[in-house]
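Undergrad:
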Amino acid sequence: MTPIARRGTIAALSALAASPVHAHLVETGFGAFYDGLAHVAVTPADLLVVVAIALFAGQCGRGAARLALFALPVAWLAGGLVGARWPEAAAWPLWTTLTFAVAGALVALNAKLRDAGVALLAVVAGLLHGLVNGATMAPGGATPLTLAGAITAIFCVTAILSAEVTALPAGWSRVVVRVAGSWIAAAGLLTLGWLLRPGG
Amino acid sequence: MNAPVTGVARRRLIGTRLALLALAPAAAWAHEESGQAAGFLAGLSHPVSGLDHVLAMVAVGLWGAVLGPPAIWVLPVAFPLVMALGGLLGLLGIPVPGVEVGIAVSAIVLGVMVLAEARPPLRIAATIVAFFAIFHGHAHGRELPEGTSALLYSLGFVVATGLLHAVGILLGVAHRWSAGRQAVRIAGGGVACAGLFFLWRAIA
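Respectively, the protein sequence lines represent chains A and B.
So in this note's numbering, spot 116 of the first sequence is number 116, and the numbers just go up one at a time.
If you want this note's numbering, it's the 1-based position in the second sequence plus 1000.
This is the structure:
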């Protein structure tokens, strides 16, 4: 079988094997770890905060990127474990929206924070989103392996994006990063409006 | 012309067909997240549903291109951010007077700026663009279709706005050449004329 045919067959079989998702979890058919990986990809609020923090850490330089690379997933894991244990404590859409809106705004402004400040932002965002993740994933039958999958996805996205941005030369490519940040911040502002609107 | 299909080619064909087939079941079996794609697409199509918005947003890109760096990217970054702020005001029920008039005037002012190749200081240009963005955001921020994700709708809305600015910037690249420069100025004049029509319609 050629590589192309093999890839197509694997994609087809994996999709055919996928069963309907339950609660808040995506079932990839590959097991709990990959369900966790996919969960981050299909949860926009989670993905946006990871992207925004990775871009911001990259903008702030190598030291900040290295700190954020570990601070974000570890905090997410801690929050996830707490959220899974006490799920009633984690219905905070306002705070999770606020975190990615703020992170996006910092990217758009090309703000310069100290490495510790970037790490603190990553910890706060990781704890909040992890808490919500743990709380929403646990009733859907998530296991610690699912959370491990989510953390792995967060680590990979943060590593790739922050490394890319750190290595970007001055010029258009850095402008594109700022534009992406402004879009994330704007989407966050509008979502905050939806959450805060009278009768919303 | 039916060329003989080799074993390798046939296997590739089968693999490709299976991969395409694979895309179907996931969509059919979606759960409460099914509104997400619809929300993004609804948001994406929303800014292009009104010509007044489209022209103003393209004009922002055109003016940015006329002004050159750093305005070329400052204006398109400022507009979506402040537009979202306008949307936030609308969603919170904070009234902004004369929204439709403001949108029409935005097309007139931005069009005239492009036509006249006006080059105010960056701070002034950004303030003008941000001021009008409030009206655009206020008018369009509130229209989330039922059953869709607010976040993805908002994201689609913002991305579409940004892409309209990008269209303006790309058209504005023609400003480098003498013929293109005239074309860009004429486009600005067209936006201003359309703005006058929208103003007349808003007042009448």
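Every residue, glycine too, gets a C-beta built ideally from N, C-alpha and C.
Which residues, taken in chain order from the region 178-190 of chain A, show a beta carbon closer than 7 Å to some beta carbon of chain B?
TA: Cβ contacts with chain B come from R178, V179, S182, W183, A185, A186, A187, L189, L190.
Undergrad: State yes or no: is the beta carbon of A68 of chain A nearer than 9 Å to at least one beta carbon in chain B?
TA: Not an interface residue.
Undergrad: Which runs of the alpha helix (DSSP H) fall wholly inside the region 1105-1147 of chain B and span at least 4 residues, in chain order?
TA: Segments of the alpha helix (DSSP H) lying fully in the region 1105-1147 of chain B: 1122-1140.
Undergrad: Determine, using beta carbons only, whether F1132 of chain B comes closer than 9 Å to chain A.
TA: No, F1132 of chain B lies away from the interface with chain A (no Cβ there is under 9 Å from its Cβ).
Undergrad: Apart from the five residues on each side of it in sequence, which residues of its chain come closer than 7 Å, Cβ to Cβ, to S1034 of chain B?
TA: Low local confidence applies: a pLDDT of 47 at S1034 of chain B is under 50, so the model's placement there is unreliable, and no value is given.
Undergrad: Rounding to the nearest angstrom, what Cα-Cα distance links L131 of chain A and G83 of chain A in this structure?
TA: Looking at the two C-alpha atoms, the distance is approximately 4 Å.
Undergrad: Output yes or no for whether 9 Å exceeds the beta carbon distance between A75 of chain A and V124 of chain A.
TA: Closer than 9 Å, so yes.
Undergrad: Run down chain B in chain order and give the residues with a C-beta less than 8 Å from the C-beta of V175 of chain A.
TA: Per Cβ cutoff of 8 Å: W1073.
Undergrad: Take every Cβ of the region 1159-1168 of chain B, pair it with every Cβ of the region 1090-1099 of chain B, and state whether three or more of those distances are shorter than 8 Å.
TA: No: fewer than three Cβ pairs fall under 8 Å.
Undergrad: How should V1077 of chain B be labelled, buried or exposed, when 16 other C-beta atoms within 10 angstroms of its C-beta is the threshold for buried?
TA: Counting Cβ neighbours within 10 Å, V1077 of chain B comes out buried, since at least 16 surround it.
Undergrad: Would you mind telling me which residues of chain A sit closer than 9 Å to F1157 of chain B, beta carbon to beta carbon, in chain order?
TA: Under the 9 Å cutoff, chain A gives A186, A187, L190.
Undergrad: Who are the neighbours of P1076 of chain B on chain A, taking C-beta pairs under 9 Å?
TA: Those are V179, S182, listed as they occur along chain A.
Undergrad: Nearest to E88 of chain A by CA position, among A:E164, A:T146, A:A116, A:P139, is which residue?
TA: It is A:P139.
Undergrad: Any residues in the region 26-54 of chain A with a beta carbon nearer than 7 Å to a beta carbon of chain B? Which ones, in chain order?
TA: The region 26-54 of chain A vs chain B, Cβ under 7 Å: V42, P44, A45.
Undergrad: Could you tell me whether the region 1171-1180 of chain B touches the region 174-194 of chain A, where touching means 3 or more Cβ pairs closer than 8 Å?
TA: Short answer: they don't touch.
Undergrad: Using the Cα positions of A1065 of chain B and A1192 of chain B, report the straight-line distance between them to the nearest angstrom.
TA: Roughly 17 Å between the two C-alpha positions.
Undergrad: List the residues of chain A that S1154 of chain B touches, going by C-beta distances under 9 Å, in chain order.
TA: Result: A186, A187, G188, L189, L190, T191, G193, W194.
Undergrad: With distances taken between CB atoms, is the gap from F56 of chain A to A111 of chain A smaller than 9 Å?
TA: The answer is yes: Cβ separation under 9 Å.
Undergrad: If G181 of chain A sits next to A32 of chain A, beta carbons under 8 Å apart, how far is it from one beta carbon to the other, in whole angstroms?
TA: Actually they are not in contact, since the Cβ atoms of G181 of chain A and A32 of chain A sit about 33 Å apart, beyond 8 Å.
Undergrad: Let me know the secondary structure DSSP gives N133 of chain A once reduced to three states.
TA: Helix, per DSSP.
Undergrad: Does the region 93-102 of chain A touch the region 153-169 of chain A, meaning 3 or more C-beta pairs lie closer than 8 Å?
TA: Too few Cβ pairs lie closer than 8 Å, so no.
Undergrad: Could you give the residue range of the alpha helix (DSSP H) that holds F155 of chain A?
TA: Unbroken alpha helix (DSSP H) run through F155 of chain A: 144-166.
Undergrad: Of all Cβ atoms in chain B, is any one closer than 9 Å to the Cβ of T97 of chain A?
TA: Chain B, which has a Cβ nearer than 9 Å to the Cβ of T97 of chain A, makes this yes.
Undergrad: Output, in chain order, the set of chain B residues within a Cβ distance shorter than 7 Å of P198 of chain A.
TA: By Cβ distance, chain B contributes G1093.
Undergrad: Look at A64 of chain A and L109 of chain A and say whether their C-beta atoms are less than 9 Å apart.
TA: It is not a contact, given that the beta carbons lie outside the stated cut-off.
Undergrad: Go through its chain and collect everything with a Cβ distance to F1135 of chain B's Cβ below 7 Å, but skip five positions before and after it.
TA: G1086, V1096, V1099, G1102, I1103, S1106.
Undergrad: At least one CB of chain B closer than 9 Å to the CB of A57 of chain A: is that the case?
TA: Answer no: the Cβ-Cβ gap between A57 of chain A and chain B never drops below 9 Å.
Undergrad: Is there a C-beta anywhere in chain A that falls below 9 Å from the one on E1033 of chain B?
TA: With a pLDDT of 43 at E1033 of chain B, under the threshold of 50, the predicted position of this residue should be treated as unreliable, though the coordinate-derived value follows. E1033 of chain B counts as touching chain A.
Undergrad: Compute every distance between the C-beta of L192 of chain A and the non-hydrogen atoms of the ligand PLP, then say whether any falls below 8 Å.
TA: As far as ligands go, the structure on display features none, and thus does not contain the ligand PLP.
Undergrad: Would you grab the beta carbon distance between L128 of chain A and W95 of chain A for me? Rounded to a whole angstrom, and I think it's under 8 Å.
TA: Confirmed, Cβ separation roughly 5 Å.
Undergrad: Just the Cα atoms here: how many angstroms apart are D115 of chain A and F70 of chain A?
TA: When rounded, the distance between both Cα atoms is 13 Å.
Undergrad: Looking at V1058 of chain B and V1129 of chain B, is the spacing between their C-beta atoms short of 9 Å?
TA: In this structure, V1058 of chain B does not lie closer than 9 Å to V1129 of chain B by Cβ.
Undergrad: Note down, one range per segment and in chain order, each alpha helix (DSSP H) of at least 4 residues found wholly within the region 1141-1191 of chain B.
TA: Counting only runs of 4 or more, we get 1150-1172.
Undergrad: Considering just the uninterrupted stretch of the alpha helix (DSSP H) at I184 of chain A, what are its terminal residues?
TA: Per DSSP, I184 of chain A belongs to the alpha helix (DSSP H) from 172-196.
Undergrad: Might you give, ordered along the chain, the residues of its own chain that have their beta carbon closer than 6 Å to the beta carbon of R1185 of chain B, omitting 5 neighbours on each side?
TA: Here the set comprises L1115.
Undergrad: Can you look up F30 of chain A in the DSSP assignment and give me helix, strand or coil?
TA: Residue state, collapsed to three classes: coil.
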